[in-house]
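Each residue of the sequence shown is one higher than the last, beginning at 2 in this note's numbering. Ideal Cβ placement from N, Cα and C applies to all residues, glycine included. It should be emphasised that the depicted structure is a prediction, and the values quoted were computed from it without experimental measurement. The structure appears below as structure tokens.
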Amino acid sequence: MSPIRPLTEYKQKVVELRRRGLVYPYELVKLMTPEREGVQADFPPGEFVEYDLDEENRLVPVERPPGENHANVVVGMIRNFTSKYPQGLSRVIILGDPSRGMGSLAEPECRRITAALDLAESAGIPLEWFAVS
């Protein structure tokens, strides 16, 4: 019998939030963006690109592991592919992160929210916001 491996920090957050009846934002992203092949899902296939603020407070794509967000919100672009929209239906998405400060909104979160609204407006696409409460 092999020893039980400890949970990763990411998995610890997922378990802790589930115990409280909450969803970790990156788990919601996984549900909303299933892979294109071989997955039975309630949502059409999709992709997610996380964005965060650069030094000039502009939202830019970031490449980092899920769960490494610096604010109580996760911001990004989500795109789902359907027969009606084979090129994909894109939206800006804001997800409250209850694992950080109960998902409270302060100045760092407000900067990201404002930038997300600006990004959606400039791209001419909708914005979806999944708040904690």
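*For I114, which residues from the same chain have a beta carbon less than 7 Å from its beta carbon, with the 5 sequence-adjacent residues on both sides left out?*
V74 and I95
*What did DSSP end up calling G125 once you bin it into helix, strand or coil?*
Under the three-state reduction of DSSP output, G125 falls in the coil class, being neither helix nor strand.
*Less than 6 Å between the CB of K12 and some heavy atom of the ligand MG, yes or no?*
Of the ligands one can find in the structure shown there are none, so the ligand MG has no counterpart to examine.
*How about G77 and E51: do their beta carbons lie closer than 7 Å?*
yes
*For G68, which three-state DSSP category applies?*
coil
*List the endpoints of the continuous alpha helix (DSSP H) containing M103.*
Note, M103: premise wrong, no alpha helix (DSSP H); not H, not E.
*Please state whether DSSP places L96 in a helix, a strand or coil.*
In the three-state DSSP reduction, L96 falls in the strand class (E or B).
*Name the two residues that bound the continuous beta strand (DSSP E) containing P62.*
L60 to P62
*asked:* Quick check: the Cα distance between K12 and I79, rounded to an integer number of angstroms?
replied: 23 Å
*Does the count of Cβ pairs from the stretch 112–132 and the stretch 57–73 closer than 8 Å reach three?*
yes
*Using DSSP bridges, identify the partner residues of V76.*
BP columns for V76 point to Y52 and I95.
*Let me know the secondary structure DSSP gives L29 once reduced to three states.*
helix
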